[in-house]
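K.L.:
Here it is: the structure, laid out below.
In the numbering used here, the protein residues as written are 9 to 426.
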């Protein structure tokens, strides 16, 4: 009798401390990997420099981060030129902190900067004009004044001022997303550690999930536990129960959870910048046949997509195993977008590849080893208001697919059964 093959060892999810007795995340190696991939993307482009406003691109290139509240204010930016070191403009006190505590950056490249806080300081104040004049001077000094400048995201007044000062602006977000698509061993370890934190939080959710608790109380519990574990940002927690499950609202409310509800949750947080997107569905106390049937179907769709994941497979082939929009109650793929869905995970929540019938059939991407992404399925129940939602995070390896999200989800779990 041939012995069964042993299950593969789990992907490492070590403790969060630095220790001398285990090999854990090598942050110097992580920083070098990210900057080298960004430099390679710049070298392969027609640009003389990348000017970055996207919070995740700034972290990828400069290895700096400040509070998430400032991430959408469009006032931090970084410049990466073909031969120069990364240059960063940040809130003044943060820039001073970087000079003291970020030795991989030249202190002379960490500048105080302010552009206007999304228009709160009007462009007529001249902050954008002065910033672009300085950037143009750096490009001139490096012999790049005639080369295009790649920009990822930008406020219109800043773009118009770049053009007024004679800079040729092109898109570099595509290049940066290409750079970020393949994860190093250190990035995969951080993503696994982030998922392991949510594994544990779901145990807390199951124990708390009973009639009389509100959706927002579950959200508060998740936030408290994740921050206590060391999360650096709980970006969102969706908590959806009862009649709110169908249609899927992608939020949470103060609804009281009731006996027999179907409830699903999405926990989105980051550890050292690396994010999770991690749905689980539960029955509260009990479950009906319609709820169990919906869960079984969502699980079958999930398992079919996981079985497709290996190097060389196209994202169109993955999307093809999921139902078409009319088959689960939607008029077209735009209306159903995000329900049968895959999306890259890394410093950003939605990186490459994006997998869905909306885009993958017309422009497929080939899966490669080192890609990490989440797969999501959703199935409305026959009762007209319940629904099942499952999500698994996976990494593509040379041998196929490894699942990062380990909280049990093969069958509908009943929390606090009667």
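We treat Cβ as the ideally placed atom computed from N, Cα and C, and that holds for glycine.
These numbers were taken from a predicted model, which means no experiment stands behind them.
Can the beta-carbon of residue 144 be found less than 8 Å from the beta-carbon of residue 171?
P.N.:
no
K.L.:
Compute the Euclidean distance between the alpha carbons of residue 203 and residue 248, then round it to the nearest angstrom.
P.N.:
21 Å
K.L.:
By Cβ distance, which residues of its chain are closer than 6 Å to residue 118, with the 5 residues on each side in sequence left out?
P.N.:
96, 103, 106 and 107
K.L.:
Looking only at C-alpha atoms, which of 347, 333 and 391 sits nearest to residue 341?
P.N.:
333
K.L.:
Examine the Cβ distances between the segment 197 to 213 and the segment 357 to 374 and report whether three or more of them are shorter than 8 Å.
P.N.:
no
K.L.:
Measure the C-alpha to C-alpha separation of residue 57 and residue 71 and round it to an integer number of angstroms.
P.N.:
18 Å
K.L.:
With a threshold of 16 other CB atoms inside 10 Å of the CB of residue 351, please say whether the residue is buried or exposed.
P.N.:
Under this definition residue 351 is a buried residue.
K.L.:
Of the residues 243, 265 and 254, which one's Cα is nearest the Cα of residue 282?
P.N.:
243
K.L.:
Measuring straight from C-alpha to C-alpha, what distance separates residue 290 and residue 112?
P.N.:
46 Å
K.L.:
Where residue 392 and residue 402 are concerned, what is the direct C-alpha to C-alpha distance, given to the nearest angstrom?
P.N.:
31 Å
K.L.:
Less than 8 Å between the C-beta atoms of residue 121 and residue 89, yes or no?
P.N.:
no
K.L.:
If you pair each beta-carbon of the segment 316 to 336 with each one of the segment 230 to 244, do three or more pairs fall below 8 Å?
P.N.:
no
K.L.:
Give every residue of the same chain whose Cβ lies closer than 8 Å to the Cβ of residue 178, excluding the five residues on either side of it in the sequence, and list them in chain order.
P.N.:
54, 55, 156, 157, 158 and 159
K.L.:
Would you identify the three-state DSSP class for residue 342, choosing helix, strand or coil?
P.N.:
Residue state, collapsed to three classes: coil.
K.L.:
What are the boundary residues of the beta strand (DSSP E) that residue 119 is part of?
P.N.:
118 to 120
K.L.:
Contact between the segment 296 to 305 and the segment 271 to 287 is defined here as three or more beta-carbon pairs at a separation below 8 Å; is this criterion met?
P.N.:
no
K.L.:
In terms of alpha-carbon separation, which member of 18, 181, 348 and 325 lies closest to residue 256?
P.N.:
348
K.L.:
Which full runs of the beta strand (DSSP E) of 3+ residues lie inside the segment 307 to 354, going along the chain?
P.N.:
349 to 352
K.L.:
Which two residues bound the contiguous beta strand (DSSP E) that contains residue 421?
P.N.:
421 to 423
K.L.:
Residue ranges of each beta strand (DSSP E) run of no fewer than 3 residues wholly in the segment 166 to 226, ordered along the chain?
P.N.:
Taking 3 residues as the shortest admissible run, the segment 166 to 226 contains the following complete beta strand (DSSP E) segments, listed from N- to C-terminal end: 177 to 179.
K.L.:
Under 8 Å by Cβ, that's how I've got residue 69 and residue 38 pegged, so tell me the actual separation to the nearest angstrom.
P.N.:
Not confirmed; about 13 Å, so no contact.
K.L.:
Using C-beta distances below 8 Å, list every residue in its chain close to residue 268, excluding the 5 sequence neighbours before and after it, in chain order.
P.N.:
By the criterion of a C-beta distance shorter than 8 Å, residue 268 is surrounded in its chain by 291, 292, 293, 294, 295 and 296, once the five residues flanking it on both sides are discounted.
K.L.:
Is the Cβ-Cβ distance between residue 262 and residue 224 less than 8 Å?
P.N.:
yes
K.L.:
Does the distance from the C-beta atom of residue 381 to that of residue 406 stay below 8 Å?
P.N.:
no
K.L.:
Take residue 371 as the anchor and find which of 387, 324, 20 and 77 has the nearest alpha-carbon.
P.N.:
324
K.L.:
If you compare alpha carbons, which of 182, 395 and 93 is closest to residue 146?
P.N.:
The shortest Cα separation from residue 146 among 182, 395 and 93 belongs to 93.
K.L.:
Would you call residue 434 buried or exposed, if buried means 16 or more other Cβ atoms sit within 10 Å of its Cβ?
P.N.:
Past the boundaries of the shown model lies residue 434; the chain is included only from 9 to 426, so the question cannot be answered.
K.L.:
How long is the line joining the alpha carbons of residue 314 and residue 127, rounded to whole angstroms?
P.N.:
45 Å
K.L.:
Cutting at 6 Å between CB atoms, please list the residues of its own chain near residue 373, excluding the five before and the five after it.
P.N.:
Here the set comprises 323 and 361.
K.L.:
Report, in whole angstroms, the separation of the C-beta atoms of residue 74 and residue 98, which I expect to be a contact under 8 Å.
P.N.:
7 Å
K.L.:
Residues bridged to residue 384 by DSSP?
P.N.:
349 and 399
K.L.:
So, with DSSP's three-state summary, where would you put residue 246?
P.N.:
strand
K.L.:
In the DSSP output, what is residue 57 paired with across the bridge?
P.N.:
89 and 157
K.L.:
Contact defined as beta carbons within less than 8 Å: I believe residue 376 pairs with residue 190. What is the distance between those atoms, to the nearest angstrom?
P.N.:
Their Cβ separation, rounded to whole angstroms, is 6 Å, which keeps residue 376 and residue 190 in contact under 8 Å.
K.L.:
Give the straight-line distance between the Cα atoms of residue 213 and residue 286, rounded to the nearest whole angstrom.
P.N.:
13 Å
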